[in-house]
Amino acid sequence: KSSGLRSVAVVTGSNKGIGLSIVRALCKQFEGDVYVTARDKTRGEEAVKTLASEGLKSKFHQLDINDINSIIKAAAFFKDTYGGVDVLVNNAGIAFKGKQVDLMLHQKEKKRRRRRAGLLFQGGARFKGGTCASLTAALLHSPPLSSPTPPLSSALLHSDSLPLQL
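Numbering (my numbering), first residue to last: 141 to 306.
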């Protein structure tokens, strides 16, 4: 970069699952610093240690997408440290439990917060001509119709073998 600052990739909600797999792939392919983010500091730091045991270098920054102060703090950190963000993968999820009818308003508000958080983080950290990807999925808590389905974790078993293209 002409500014002399290192490039940086940030993956929200990346202490496990798909997010951790994305960080793993970025560590192998991205020329710059790669950040694991998570609500829970201990879990995030454990993810960094797991990656280090695989010979991969990543860093951790605490980020809770449901906490506006956490978002502001993270955005300021990346702006001050790197001059912005080169790659942002918006992976952090929000779990909804309960009856579907009772959750509609709650779910709508949480989604609105997540969008607002993403926009604030993107605007606050300022992209340096980079890329933003937002991942979204829905998993309903409902009984199986006729036969059991494999748990979501089964679908993630092969996620580390998927190529990452920037």
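For every residue, glycine included, the Cβ atom is placed at its ideal position computed from N, Cα and C.
Keep in mind that this is a model prediction, so the values were computed, not measured.
CA nearest to the CA of N155, picked from A215, Q169, L145, F200:
Taking the sequence shown and counting its residues from 1, the one referred to as residue 155 is at position 15. Residue F200 is the option with its Cα nearest to N155.
Runs of 3 residues minimum, wholly inside the stretch 157-220: which ones carry the beta strand (DSSP E) assignment?
173-178, 199-202
Comparing alpha-carbon positions, which option in I158, Q169, G157 lies nearest E149?
On the sequence shown, position 9 is the one that residue 149 refers to. Reading the sequence as shown, one finds Ala at residue 149 and not Glu. That would be Q169, whose Cα lies nearest to the Cα of A149.
Could you tell me the alpha carbon to alpha carbon distance between A216 and Q202, rounded to whole angstroms?
Counting from 1 along the sequence shown, the entry for residue 216 is found at position 76. Counting from 1 along the sequence shown, the entry for residue 202 is found at position 62. Going from the Cα of A216 to the Cα of Q202 covers about 13 Å.
Identify, in the order they occur along the chain, each residue of the same chain with its Cβ nearer than 6 Å to the Cβ of E309, setting aside the five sequence neighbours on each side.
Outside the shown range of the chain, which is 141 to 306, sits residue 309, and nothing can be said about it.
If you check the beta carbons only, do T152 and N231 fall under 7 Å apart?
As a working mapping, residue 152 is identified with position 12 in the sequence shown. As a working mapping, residue 231 is identified with position 91 in the sequence shown. Yes, the Cβ-Cβ distance between T152 and N231 is below 7 Å.
According to the neighbour-count rule (16 or more other Cβ atoms, all chains shown, within 10 Å of its Cβ), is D180 buried or exposed?
Residue numbering aside, residue 180 sits at position 40 when the sequence shown is read from its first letter. Result: exposed.
Among the residues of its own chain, which have a CB less than 7 Å from the CB of G172, if the five just before and after it don't count?
Here residue 172 refers to the residue found at position 32 when the sequence shown is read from its first residue. R146, S147, V148, A149, D226.
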